[in-house]
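Since the structure comes first, as structure tokens, the remarks are kept for the end.
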Ligand code: ZN
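In my numbering, the protein residues as written are 14 to 153.
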């Protein structure tokens, strides 16, 4: 395990905009605030969602598309640099009217409503290609 000690920096609370992409809003916010490393928690609701499942055998992301409303219960993620852009790595548990859930790595989702807490760290996290997993992991 690789790690580094970090200090907390700025903290934010935010209300996501109706009709906009859940993850894209977080990335736009990180860009406008100049956030280079952070973790966040969020909750709310979305109108649809595309999750990406990483197949460990083929080392490819497989999309899973849902065209239905969900509660976001919750979203958790982090912000770091990926190929010269700020990337909000986001995982969600999404619940239906009957309480059943789907969960995973969030690609896109149209926000119905959302609330976010963000904790920035006083460092820069950057993703680098990892030969073993073929994923872009933190270069610590
Ligand atoms: Zn993921």
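For every residue, glycine included, the Cβ atom is placed at its ideal position computed from N, Cα and C.
On the criterion of 16 or more Cβ atoms from any shown chain inside 10 Å, does residue i qualify as buried, or is it exposed?
| i | result |
| --- | --- |
| residue 152 | exposed |
| residue 53 | buried |
| residue 126 | exposed |
| residue 55 | buried |
| residue 88 | buried |
| residue 72 | exposed |
Residue i and residue j look like a contact to me (Cβ under 8 Å); what is the Cβ gap, rounded to whole Å?
| i | j | result |
| --- | --- | --- |
| residue 50 | residue 138 | 4 Å |
| residue 17 | residue 136 | 7 Å |
Could you compute how far the alpha carbon of residue i sits from the alpha carbon of residue j?
| i | j | result |
| --- | --- | --- |
| residue 84 | residue 102 | 19 Å |
| residue 26 | residue 121 | 21 Å |
| residue 105 | residue 90 | 9 Å |
Along the chain, where does the alpha helix (DSSP H) containing residue i start, and where does it finish?
| i | result |
| --- | --- |
| residue 32 | No alpha helix (DSSP H) holds residue 32; DSSP gives it neither H nor E. |
Which residue comes first and which comes last in the beta strand (DSSP E) that contains residue i?
| i | result |
| --- | --- |
| residue 68 | 62-68 |
Sequence-ordered residues whose beta carbon comes within less than 6 Å of a heavy atom of the ligand ZN: 102, 104 and 118
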